[in-house]
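These notes concern the structure reproduced below.
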Amino acid sequence: MRISTLHIYNLANNSMADANSAIIKTQEQLSTGKRVLTAADDPVAATQIQQLTDNLAQVDQYTKNIATAEHNLAEEETALNNVTNLVQRIKELAVQAGNTASLSESEYDALATEVDSRINELVGLTNSRNANGDYIFAGYKSQSPAFVGDSVNGYQYMGDEGSINIKVDDNTFVKASDSGKNIFVDIPSAENTVLTSTNSNNRSTPAISVSIGDVVDQQAYDDFYPEDMVITFNEDSNLTPAARNFTVTEKSTGKVIAENQPYAAGEALVFNGVSVTITGNPAAADTGAGLAGDQVFVDSTATQDVLTTLMRFRDAMQGFDGSQESRERVSANVAVTLENLTTVQDSVAKTVTEIGARINTLDSTKEQHLDTELVSNTILSDIRDLDYAEAASRLSAQTLVLQAAQATFIRITELNLFSRL
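Quick note on the working numbering: the sequence shown kicks off at 342 and runs consecutively.
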């Protein structure tokens, strides 16, 4: 059979090209250290490699999530431990303050001054921020301070009851924060108490403010509890001569408790065993214009946030004047303060215990991920990685094949009639 010269050339070129391609592929395998470079090399192995790679990427993300949760919980635990120490110090001050028979006004003033500084310190702790600048105890509203206000008119919790949950495994979420409302605000009080606020629709400019208030006659207030009170400012013409005045009513029934009472800014108002102080110039009602007067709400509550507890303790000591009445008031306040602070400590301790349990969950989950990562990397190496000794041997053989093909091609090209003349 006759074989054309062109056919011989094509066969030789194809043979050398195939041999060269094999060498290039082996060289690429050696340079990357990988046996499977494309899905075409080994479709089954390529699928397994993709699955293992995806799993390892997920494990890596979970590991990063665990680190974030660990940092958040560590920062929260540190803040709560500092709160515990601070509350313990204030309890020691309360025990000192309970010695009403011997302490003087100046000594109570000194105690009140320290409590006031501790209030500021506690506000700082409740508004603690993590490494990302988020407010730890503000719930989902972590971009804003958890507590806002001042130590005269009180602090309001501006966060919510949310908590950050971080996914650390396919079916596991770990709580990485706690709402300050649950820890510091919703604290059962030793006695029924009040929560004061102003109506958001008040028209006075600047707005009036109301003190945190206090129960000065527990029995009288307990008889009224759980009813709420509303202080509403009337038209000035209700008094003769005309002057700013207010009426106190029960919130649920509208029943009048005190009517057309003259108003003096900064003067304590006492009704049903509760004392509150309003400051500022409240807007009076204007019936002709259809305008309501400013309002202040005095709501009943069975809970008392830790900051209010400290402020009422401080105020009781600042109001001490050496009289028997003030001694009794301080003594009663100290008893309530100590009980409330013990409840605060219990609340904080409960949260710290929960944090410890969450950290244990993170530790065990992290160990599982490390085991998974080790096994997956071992399997991935077996499937994907190159046997260097085998590849080097193969490269040598492929090089010999190419050299042989080249030599054969040269010999064949020399076989022609002209070379025999």
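C-beta: ideal position from N, C-alpha, C; glycine also.
Among the options, nearest to residue i - alpha-carbon criterion
i	options	result
Gly629	Asn575, Glu455, Ala453 and Ser667	Asn575
Gln559	Ala584, Asn579 and Ser530	Ser530
Val675	Ile598, Gln437 and Pro603	Gln437
Leu651	Glu708, Val639, Asn426 and Ser458	Ser458
Leu421	Ala605, Ala690, Gly660 and Asp723	Ala690
Tyr449	Phe661, Val693 and Glu502	Phe661
Phe565	Ser552, Asp627, Val685 and Val639	Val639
Arg668	Ala408, Ser445, Thr409 and Val424	Ser445
Leu679	Gly439, Gln392, Gln399 and Thr594	Gly439
Thr425	Ile524, Ala479 and Glu666	Ile524
Ala435	Thr454, Glu714 and Glu462	Thr454
Leu632	Ile477, Pro567, Thr573 and Ala583	Thr573
Glu462	Ala673, Ile477, Asn423 and Val493	Asn423
Asn473	His412, Thr419 and Phe514	His412
Val685	Gln429, Gln391, Ile390 and Ala408	Gln429
Asn543	Gly480, Asp627 and Ala408	Asp627
Ala584	Thr388, Ala605 and Ile390	Ala605
Beta-carbon proximity check, residue i vs residue j, cutoff 8 Å
i	j	result
Asn613	Ile507	no
Val456	Phe488	no
Thr649	Ser550	no
Val671	Val615	no
Thr588	Lys596	no
Thr334	Ala548	Residue 334 lies beyond the range of the chain shown here (342 to 762); nothing can be said about it.
Lys516	Met499	no
Tyr562	Asn533	yes
Leu427	Leu466	yes
Asn396	Ser722	no
Ser520	Ser545	no
Lys432	Leu682	yes
Asp475	Gln484	yes
Ile477	Ser518	yes
His710	Thr404	yes
Thr692	Val400	no
For residue i, the first and last residue of its enclosing alpha helix (DSSP H)
i	result
Gln636	Where Gln636 is concerned, there is no enclosing alpha helix (DSSP H), although the beta strand (DSSP E) it sits in stretches over Gln636 to Thr644.
Ser530	No alpha helix (DSSP H) contains Ser530, which is instead part of the beta strand (DSSP E) from Pro529 to Thr539.
Pro623	Here Pro623 belongs to no alpha helix (DSSP H), and DSSP marks it neither H nor E.
Thr394	Pro384 to Ala438
Tyr476	Counting along the chain, Tyr476 falls outside any alpha helix (DSSP H), and DSSP gives it neither H nor E.
Phe525	That residue, Phe525, is in no alpha helix (DSSP H); it is neither H nor E in DSSP.
Gln659	Val647 to Gln659
Val456	Glu446 to Thr467
Asp564	Gln559 to Phe565
Rounded straight-line distance, which links the Cα of residue j to that of residue i
i	j	result
Thr618	Arg653	13 Å
Gln402	Ala415	20 Å
Leu758	Thr740	Residue confidence for Leu758 is low, a pLDDT of 49 falling below 50, so the modelled location carries little weight and cannot support an answer.
Lys592	Gln636	11 Å
Gln602	Met658	29 Å
Gly697	Val556	38 Å
Ser578	Ser664	39 Å
Pro486	Arg470	9 Å
Pro623	Gly634	8 Å
Ala609	Ile700	49 Å
Ala410	Ile724	34 Å
Asp656	Glu417	30 Å
Ile309	Pro384	In the structure displayed, the chain extends from 342 to 762; residue 309 sits before or after that span and is not available.
Asn586	Asp687	44 Å
Asp569	Ile598	11 Å
Asn494	Gly607	12 Å
Leu284	Ala386	Nothing can be reported for residue 284, as the shown portion of the chain is limited to 342 through 762.
Ala625	Thr581	15 Å
Ala673	Thr694	32 Å
Glu666	Gly554	18 Å
Val611	Ile460	26 Å
Pro567	Thr419	38 Å
Ala408	Thr702	12 Å
Ala398	Ser541	51 Å
Ser552	Phe514	42 Å
Bounding residues of the beta strand (DSSP E) (the contiguous stretch that carries residue i)
i	result
Ser616	Val615 to Thr620
Thr594	Premise fails: Thr594 is in no beta strand (DSSP E) and is neither H nor E.
Ala609	Ala609 to Phe612
Val493	Neither: Val493 is in no beta strand (DSSP E) and is coded neither H nor E.
Val515	Thr513 to Lys516
Asn542	Taken as a continuous stretch (DSSP letters only), Asn542 belongs to no beta strand (DSSP E), as it is neither H nor E.
So does the region 525-544 actually touch the region 639-656, counting three or more Cβ pairs closer than 8 Å?
Flag = yes, the region 525-544 and the region 639-656 touch.
Contact between the region 494-511 and the region 696-714 is defined here as three or more beta-carbon pairs at a separation below 8 Å; is this criterion met?
Contact holds between the region 494-511 and the region 696-714, because three or more Cβ pairs, one in each stretch, are under 8 Å apart.
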